[in-house]
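**Student:** Residue numbers for the sequence shown follow my numbering, so the first one is 7 and each next one is one higher. Glycine residues also receive a C-beta, built at the ideal position from the N, C-alpha and C atoms.
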Amino acid sequence: MNHYDYIIVGSGIAGLYIALLAIERGSVLILTKGSIDDCNTKYAQGGIAVAMGKDDSPELHFQDTMAAGDGLCDAEAVRILTDEAADCIADLINSGVPFDTLDGEITLTREAAHSVPRIMHAGGDATGEHIEVTLSRHVCSTPTKILENCLASEILVQNEKVTGVRSLDCRTGSVEEYGCRFLILATGGAGKLFKYTTNSDVVTGDGIALAFKAGAEISDIEFFQFHPTVLRLPGVAPFLISEAVRGEGGILRNVEGHRFMPDYVAEAELAPRDIVARSIVYEMKKTHSDRVFLDVTHLPPRLITTRFPHIYRFCRDHGLDITKGLIPVAPAAHYLMGGVKVNNWGETNIPGLFAAGETACTGVHGTNRLASNSLLESVVFSKRIVQRTEIATSSESGQSSAASRHHSLPNRKPLSSAPSLNLPNLQSLMWDKVGIIRSGKSLKEAATILATWESLLPQPSDRSSYELNNLVLCARLVTEAALLRKESRGAHFRTDFPQNSPEWQQHIVFRKNVIK
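Laid out in structure tokens, this is it:
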């Protein structure tokens, strides 16, 4: 068995940034089930949030993040995020990430629920891609070992400590084991759970499923963010229309041309994402339509083409000039706030196992992530993981500012007959029953079907069967957590419990074989 100091599963911004820092401290192996640049980071259009404007401060960024998280942010983790942001941004600038400037100064824009402009961009609306390409280029110039088309299939644990990982070569079908001192899961979220998603095809909950099966804790997984404005054109894959478009003055109109957001909330188009997404769903139901429109025709065309070149070109390639016509949009699954529970150093409850990026639940997002805090979280906490590996691991646990309830997945009686299990059926079930607007009835129906599917799953043997297994497990975790949380808070909304409840200002944590 080949042995490394660090094994990183995943090659998005979190995995690459950790690899760059870790290679100075020991040997590094990156396992990625696709190619090195198959990840979700490169789809991040909005940018990266950092308090560096003259009217801004880490304290103000802290307050905005806490407010968006609706009572379940970990205050200490948020403080770390906002205080350590500037140092990590300096690292990215020194690495050569070409952030946009004007007259020699980095330009900052405003996005929803931020009180001031604090979003840095690269290439207008191509920030994630620029960071990914820059870090990938650096990693490829180091002695880091990169194994592409290798899917991590099992975390190896001995005496309650991580010893390595088992991996499937997706091209040959061969299985290999690799040993390590530190295993870091950086596989992204689980956006492919849903019929409509902004996520790439590789985002199948692999790290969360691996961690859960190894005995790690999974927290806050009921909180799935749905981006309000995703291009809805017949035959065109969902394409994100950045939050920043509304930040620059874009207006939401229903199919009848009425600007509807002021009818729902004073902040109108700049309200938090969960409110905008639900308002759009209500408006679509009211007008019997599958879309609303984002209107930027009143903005200067030059602003649109220079600030949003990717969005402008993509729409133009599909026959829509957004400087003259309305953009058809609808919500889609976008970001998982919950994930593998970690402390402020990225450590899980299993010694030697870490999680980073969207795979992790650091507690900074609470119930509803603030726009452009995800790329920031990836770099800040990735850096802390590598710092932690240099000293003895600690026993502190994360999410200290609210209590936790620990659960196992319940044993549900399988149905005698259920819809056939395939990816489209799973995604439709999750979208219809566990989506933007939930109810106890729809969640129970989904929970029973998912438990039935899980009982019928054959042993996985290739990439697609492993991914389906991982998605079914993640779907069960999301659904059971949503069923347990008898309130509405942040991105989790239930029609049968439409208000939030002080009793539920706590985290739902799943782990295998919890003894009650």
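#1: Just to confirm, is the Cβ distance from F105 to H120 under 8 Å?
#2: Go to Y151, then tell me how far its alpha helix (DSSP H) extends in each direction, as first and last residue.
#3: From V287 to G213, what distance separates their C-alpha atoms?
#4: For A452 and T485, I'd like the C-alpha separation in whole angstroms.
#5: Under 8 Å between the Cβ atoms of F320 and V251?
#6: Quick check: what's the CA-CA separation for D89 versus V56?
#7: Report yes if the CB atom of A192 is closer than 8 Å to the CB atom of V385, and no otherwise.
#8: By DSSP's criteria, L114 is part of a beta bridge. Which residues make up the other side?
#9: Would you mind sorting N8 into buried or exposed? The rule is 16 or more other CB atoms within 10 Å of its CB.
#10: At a cut of 8 Å, does the stretch 407–419 reach the stretch 108–125 through at least three beta carbon pairs?
#11: Would you give the residue range spanned by the alpha helix (DSSP H) that K450 belongs to?
#12: Among E135, D70, S426, which one has its Cα closest to the Cα of W459?
#13: Taking only the alpha-carbon atoms, compute the straight-line gap between L157 and F200 and give it to the nearest angstrom.
#14: Compute the Euclidean distance between the alpha carbons of V370 and K347, then round it to the nearest angstrom.
#15: Give me whichever residues DSSP pairs with Y12 in a beta bridge.
#16: In three-state DSSP terms, what is K167?
#17: Could you check where the beta strand (DSSP E) with P234 kicks off and where it finishes?
#18: Report all residues from its chain with a CB closer than 7 Å to the CB of T454; omit the five preceding and five following residues, and keep chain order.
#19: What are the boundary residues of the alpha helix (DSSP H) that includes G525?
#20: Quick one: Cα of G253 to Cα of T148, how far?
#21: Can you find at least 3 beta carbon pairs, one from the stretch 322–338 and one from the stretch 167–183, that sit closer than 8 Å?
#22: Assign N519 to buried or exposed, taking buried as 16 or more other Cβ atoms, counted over all protein chains shown, within 10 Å of its Cβ.
#23: Shortest alpha-carbon distance to P508 belongs to which of A20, G77, R284?
#24: Take D207 as the anchor and find which of R495, F299, H340 has the nearest alpha-carbon.
#25: Could you give the first and the last residue of the continuous alpha helix (DSSP H) run that contains S410?
#26: Based on the DSSP output, what are the partners of F245 in its beta bridges?
#27: Please look up how many angstroms separate the CB atoms of G256 and V302, rounded, as I've assumed it's under 8 Å.
#28: For the 8 Å Cβ check, are there 3 or more pairs between the stretch 26–41 and the stretch 106–114?
#29: Round the Cβ separation of I24 and A362 to the nearest angstrom and send it over; I've been treating them as touching at under 8 Å.
#30: Under the rule that 16 or more other beta-carbon atoms within 10 Å means buried, what is E183, buried or exposed?
#31: Closest to I99 by CA distance: which of V84, I86, I137 is it?
#32: Which residue wins for smallest C-alpha separation from E262, given the options I356, S248, L300?
#33: Which of the three DSSP states is assigned to E182 in this structure?
#34: Specify the secondary structure class of A215 as computed by DSSP and reduced to three states.
#35: For M343, tell me which candidate among T312, G325, R375 has the shortest Cα-Cα distance.
#36: Which residues in the same chain as I95 place their Cβ atom closer than 6 Å to its Cβ, once the five residues preceding and following it in sequence are excluded?
**Tutor:** Walking through what the data contain:
#1: Taking the first residue of the sequence shown as 1, we reach residue 105 at position 99. Taking the first residue of the sequence shown as 1, we reach residue 120 at position 114. Cβ atoms of F105 and H120: not closer than 8 Å.
#2: As a working mapping, residue 151 is identified with position 145 in the sequence shown. It should be pointed out that residue 151 corresponds to Lys in this sequence rather than to Tyr. Counting along the chain, K151 falls outside any alpha helix (DSSP H), though it belongs to the beta strand (DSSP E) covering 151–154.
#3: Taking the sequence shown and counting its residues from 1, the one referred to as residue 287 is at position 281. Taking the sequence shown and counting its residues from 1, the one referred to as residue 213 is at position 207. Approximately 31 Å, taken between the alpha carbons.
#4: By 1-based counting over the sequence shown, the position of residue 452 is 446. By 1-based counting over the sequence shown, the position of residue 485 is 479. Whole-angstrom Cα-Cα distance: 7 Å.
#5: To locate residue 320, count along the sequence shown from 1; it is residue 314. To locate residue 251, count along the sequence shown from 1; it is residue 245. Not closer than 8 Å, so no.
#6: Along the sequence shown, one-based indexing puts residue 89 at 83. Along the sequence shown, one-based indexing puts residue 56 at 50. Roughly 9 Å between the two C-alpha positions.
#7: Here residue 192 corresponds to residue number 186 of the sequence shown, with the count starting at 1. Here residue 385 corresponds to residue number 379 of the sequence shown, with the count starting at 1. Going by C-beta atoms, A192 is not nearer than 8 Å to V385.
#8: Taking the first residue of the sequence shown as position 1, residue 114 is located at position 108. DSSP output for L114 lists M126 as bridge partner(s).
#9: Position 2 of the sequence shown, counted from the first residue, corresponds to residue 8. It counts as exposed.
#10: no
#11: The count along the sequence shown starts at 1 and reaches residue 450 at position 444. Note, K450: alpha helix (DSSP H), 446–462.
#12: Indexing the sequence shown from 1 puts residue 459 at position 453. For the residues E135, D70, S426, the minimum Cα distance to W459 belongs to S426.
#13: Within the sequence shown, numbered from 1, the residue matching residue 157 stands at position 151. Within the sequence shown, numbered from 1, the residue matching residue 200 stands at position 194. The straight-line gap from Cα to Cα measures roughly 22 Å.
#14: Counting from 1 along the sequence shown, the entry for residue 370 is found at position 364. Counting from 1 along the sequence shown, the entry for residue 347 is found at position 341. About 12 Å.
#15: The residue given as residue 12 occupies position 6 in the sequence shown. DSSP lists V34, F188 as partners of Y12.
#16: As a working note, residue 167 is residue 161 in the sequence shown. In this structure, K167 counts as strand in the three-state DSSP scheme.
#17: Locating residue 234 in the sequence shown gives position 228, counting from the first residue. P234 -> beta strand (DSSP E) spans 230–237.
#18: Counting from 1 along the sequence shown, the entry for residue 454 is found at position 448. R418, L421.
#19: Absent from the structure is residue 525, since the part of the chain shown begins at 7 and ends at 522.
#20: Taking the sequence shown and counting its residues from 1, one reaches residue 253 at position 247. Taking the sequence shown and counting its residues from 1, one reaches residue 148 at position 142. Rounded to whole angstroms, G253 to T148 spans 39 Å at the Cα level.
#21: no
#22: Start at 1 with the first residue of the sequence shown, and residue 519 comes out as number 513. Exposed, because fewer than 16 other Cβ atoms sit within 10 Å of the Cβ of N519.
#23: Your numbering for residue 508 matches position 502 in the sequence shown. Of A20, G77, R284, the residue nearest in Cα terms is G77.
#24: For the purposes of this step, residue 207 is identified with residue 201 of the sequence shown, where counting begins at 1. Residue H340 is the option with its Cα nearest to D207.
#25: In the sequence shown, the residue the question calls residue 410 occupies position 404. Looking at the DSSP string, S410 is not in any alpha helix (DSSP H); the run it does join, the beta strand (DSSP E), is 409–413.
#26: Translated into positions along the sequence shown, residue 245 becomes position 239. Paired residue(s): L237.
#27: As a first step, residue 256 is located in the sequence shown; it is residue number 250 there, counting from the start. As a first step, residue 302 is located in the sequence shown; it is residue number 296 there, counting from the start. Indeed, because the Cβ distance is near 5 Å, the residues count as touching under 8 Å.
#28: no
#29: Your numbering for residue 24 matches position 18 in the sequence shown. Your numbering for residue 362 matches position 356 in the sequence shown. With a Cβ gap of about 6 Å, I24 and A362 count as contacting.
#30: Here residue 183 is taken as the residue at index 177 of the sequence shown, counted from 1. Looking at its Cβ environment, which holds fewer than 16 other Cβ atoms inside 10 Å, E183 is exposed.
#31: Numbered from 1 along the sequence shown, position 93 holds the residue referred to as residue 99. The candidate whose alpha carbon is nearest that of I99 is I137.
#32: For the purposes of this step, residue 262 is taken as the residue at position 256 of the sequence shown. Checking every option, the nearest Cα to that of E262 belongs to L300.
#33: As a position in the sequence shown, residue 182 is number 176, starting the count at 1. Three-state result, E182: strand.
#34: Residue mapping note: residue 215 aligns to position 209 of the sequence shown, counting from 1. The answer is helix: DSSP assigns A215 an H, G or I state.
#35: Position 337 of the sequence shown holds residue 343. Of T312, G325, R375, the residue nearest in Cα terms is R375.
#36: As a position in the sequence shown, residue 95 is number 89, starting the count at 1. Closer than 6 Å at the Cβ level, and outside the excluded window around I95, lie V56.
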